[in-house]
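Participant: Before we start, here is the structure in question, set down as structure tokens.
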């Protein structure tokens, strides 16, 4: 890239890259656990660094000159080759989801006055702007789903309620810190917060440009933007300090249910445009779940319905005859393919489907039908679920010993040794390690613990649940049988599971189209009981029990 930076001796390559404005993906925020920040050094440069960790690097990679940039300290002049990677332009990102029909009652209204040949623009009852000629029929809004990993922007005609264009991308913050907790840590300094905030706003403006160009809409006629996301993402999107979310008593600095100036946040929309943030439920149950409740009409459901948004931050809500309680659990980045040896995001070549057939042959599918180059989250859960169901992984999460099992030859031959450790070989380049299985156990154990304790808080058994709604972009690409094989969901949920997609976005669209719903949900959120899992004395025992398959 022909970028040069001068640093103090002992600075890591990753720190140097950030100073130079060079992006090296580091989703674990330099903890040294994901292995995604590897860079290549020439022979001369290798003598001028001090590596103090060898996570995720094979002997072959070390031989070729690869080091982890987060753990390689610079001792002299070096030349760094950063492998090129797709940063979200070709990711498979879900933008549709279950929606609710609403009567148009938008916050922004326009009225044309022929005698003045001007159009008056109102926000609520307040006159906020004047436009030359008749622009009454040019009234648009944006519904924005700000996920921990991805962003989806939907351009909506405020007259008809129709989505006229959408665009999506990787959340650029995830290149520095993948999960919520590491992102809070990253943004704990003023410089880190500004980087998180500005990168997100810049990406939103790029997406706004894409949807307006696609639909030939003047961005100055976009008047309202809905920000839907978890509590941490809402803080980072509005430039608020997320540090209180990371320490007891976990009180959000910002709880939503307000309008903010779009121009003050440098969004490329109307100069008098506004951002509306739906009400936040708690420090770890955010506006995305408020949107999900609205989109799925969870508060109107009869019987017992469980709503689960599976992702890096597993949020869930339980409706018992419409009365709501909610909780969350830190699942971590494994479901996004991070912290997995061959893990990757849902881009071209990512293995997204894995099935062991009755004759024990294996069927796989990759995004773009390309040669497998890695494993994304849905593929990971498929693989582990199928290996558990077929006896390759035992109930404790260990690979079985091939010599002491009755596995068919087609599976036994895939249990191979790599660097002296047992792996399951999936393709020439792609394999699953024992450590990867442990990462899945930790993530699924966290989600299952949240489900079990949320149900217990209401004295409900899993058998009594009538419906299970799986929300979120990641959740939509999962298979019910994989979730049950893994034990992420109880066996009794079989036949009750519905995948309802990106309700954070569709709920944001409903908020955009009807301001009365905002008042309804602002009141409803205050009545949701938030269940703190840490208050259960046997939390650790339930979690340990949930680790097993």
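In this note's numbering, the protein residues as written are 80 to 628. For each residue, glycine too, the CB sits at the ideal point set by N, CA and C. Source: prediction; values computed, not measured.
So what's residue 281 in DSSP terms, helix, strand or just coil?
Facilitator: Three-state DSSP puts residue 281 in a helix.
Participant: For the structure I just gave you, are there three or more beta carbon pairs, one from the stretch 566-577 and one from the stretch 544-551, closer than 8 angstroms?
Facilitator: Taking 8 angstroms as the limit for Cβ pairs, the verdict is that the stretch 544-551 does touch the stretch 566-577.
Participant: If you run the structure through DSSP and keep just helix, strand and coil, what is residue 375?
Facilitator: Helix, per DSSP.
Participant: Give me the Cβ distance between residue 336 and residue 177, rounded to the nearest whole Å; I'm assuming they're in contact under 8 angstroms.
Facilitator: That belief does not hold up - the Cβ atoms of residue 336 and residue 177 are roughly 23 angstroms apart, past 8 angstroms.
Participant: Could you check what DSSP says for residue 606 in three-state terms: helix, strand or coil?
Facilitator: DSSP places residue 606 in coil when its eight states are reduced to three.
Participant: Please classify residue 439: is it buried, with 16 or more other beta-carbons within 10 angstroms of its beta-carbon, or exposed?
Facilitator: Answer is exposed; the Cβ neighbour count stays below 16.
Participant: Look at the alpha carbon of residue 297 and the alpha carbon of residue 291, and state the distance between them as a whole number of angstroms.
Facilitator: About 7 angstroms.
Participant: In angstroms with no decimal places, state the Cα-to-Cα distance between residue 359 and residue 313.
Facilitator: Taking the straight line from one Cα to the other gives about 9 angstroms.
Participant: The alpha helix (DSSP H) spanning residue 385 covers which residue range?
Facilitator: From DSSP, residue 385 is part of no alpha helix (DSSP H) but of the beta strand (DSSP E) over 383-388.
Participant: Pull up the distance between the alpha-carbon of residue 126 and that of residue 162, whole angstroms please.
Facilitator: Going from the Cα of residue 126 to the Cα of residue 162 covers about 20 angstroms.
Participant: For the ligand ATP, any of its heavy atoms closer than 7 angstroms to the Cβ of residue 293?
Facilitator: For the structure depicted, the ligand ATP is absent and the ligand set is empty, with no information on it obtainable.
Participant: Could you compute how far the alpha carbon of residue 271 sits from the alpha carbon of residue 222?
Facilitator: For residue 271 and residue 222, the distance between alpha carbons rounds to 26 angstroms.
Participant: Of the choices 141, 311, 327, whose alpha-carbon is the least far from that of residue 320?
Facilitator: Answer by Cα proximity: 311.
Participant: Which whole-angstrom value describes the C-beta separation of residue 147 and residue 111, a residue pair presumed to lie in contact below a C-beta threshold of 8 angstroms?
Facilitator: With 8 angstroms as the limit, residue 147 and residue 111 qualify as a contact, their Cβ atoms being about 7 angstroms apart.
Participant: Less than 8 angstroms between the C-beta atoms of residue 349 and residue 415, yes or no?
Facilitator: No, these two residues do not count as a Cβ contact at 8 angstroms.
Participant: Who does residue 211 pair with in a DSSP beta bridge?
Facilitator: Beta-bridge pairing links residue 211 to 197.
Participant: Taking the alpha carbon of residue 605 as the reference point, which residue from 365, 101, 351 has its own alpha carbon closest?
Facilitator: With distances taken between Cα atoms, residue 605 lies closest to 365.
Participant: Do residue 232 and residue 71 come within 8 angstroms of each other at the CB atom, strictly closer than that value?
Facilitator: No answer is possible for residue 71: it lies beyond the span of the chain, which begins at 80 and ends at 628.
Participant: Assign residue 437 to buried or exposed, taking buried as 16 or more other Cβ atoms, counted over all protein chains shown, within 10 Å of its Cβ.
Facilitator: Exposed is the call here.
Participant: Which ranges does the alpha helix (DSSP H) cover as unbroken runs of at least 4 residues, wholly within the stretch 259-320, from first to last along the chain?
Facilitator: DSSP runs (the alpha helix (DSSP H)) wholly in the stretch 259-320: 259-265, 269-294, 310-316.
Participant: Cα-Cα, which of 585, 586, 571, 465 is closest to residue 565?
Facilitator: When only C-alpha atoms are compared, the closest one is 465.
Participant: Between the C-alpha atoms of residue 184 and residue 286, what's the straight-line distance to the nearest angstrom?
Facilitator: Approximately 26 angstroms, taken between the alpha carbons.
Participant: Determine the DSSP secondary structure at residue 330, reduced to helix, strand or coil.
Facilitator: DSSP places residue 330 in coil when its eight states are reduced to three.
Participant: Residue 302: buried (16+ other C-beta within 10 angstroms of its C-beta) or exposed?
Facilitator: Residue 302 comes out buried.
Participant: So is residue 269 in contact with chain D if we call contact Cβ pairs under 8 angstroms?
Facilitator: Chain labels in this structure do not include chain D; a single protein chain is all it has.
Participant: For the alpha helix (DSSP H) that residue 534 lies in, which residues bound it at each end?
Facilitator: Looking at the DSSP string, the run of the alpha helix (DSSP H) that includes residue 534 is 513-536.
Participant: Between the beta-carbon of residue 501 and the beta-carbon of residue 513, is there less than 8 angstroms?
Facilitator: In contact: residue 501 and residue 513 (Cβ atoms closer than 8 angstroms).
Participant: Between residue 504 and the rest of its own chain, which residues show a CB-CB distance below 7 angstroms, the 5 nearest in sequence each way excluded?
Facilitator: Same-chain partners within the cutoff: 493, 495, 510.
Participant: Just the C-alpha distance for residue 399 and residue 607, rounded to the nearest angstrom, thanks.
Facilitator: Using only the alpha carbons, I get a separation of about 12 angstroms.
Participant: Output needed for residue 539: all residues of its chain with C-beta closer than 8 angstroms, excluding positions within five of it in sequence on either side, in chain order.
Facilitator: So the list reads 383, 397, 399, once near-sequence residues are dropped.
Participant: Could you spell out where the beta strand (DSSP E) holding residue 402 opens and where it closes?
Facilitator: Note, residue 402: beta strand (DSSP E), 402-409.
Participant: Report the rounded CA-to-CA distance for residue 168 versus residue 476, giving the unit in angstroms.
Facilitator: Model confidence at residue 168 stands at a pLDDT of 43, short of 50, so the residue's coordinates are unreliable; what they give is reported in the following sentence. For residue 168 and residue 476, the distance between alpha carbons rounds to 35 angstroms.
Participant: Hey, residue 431 and residue 390: beta-carbon distance below 8 angstroms or not?
Facilitator: Cβ distance not < 8 angstroms, so residue 431 and residue 390 don't count as in contact.
Participant: Starting from the C-beta of residue 533, find all residues in its chain whose C-beta is less than 7 angstroms away, skip the five residues before and the five after it, and write them out in chain order.
Facilitator: The residues are 395, 397, 404, 406, 610.
Participant: Ordered along the chain, which non-local residues of its own chain (more than five positions away) have a Cβ less than 7 angstroms from that of residue 157?
Facilitator: 120, 124, 127, 128, listed in sequence order.
Participant: Identify the continuous beta strand (DSSP E) that holds residue 444 and give its terminal residues.
Facilitator: Here the beta strand (DSSP E) through residue 444 covers 441-445.
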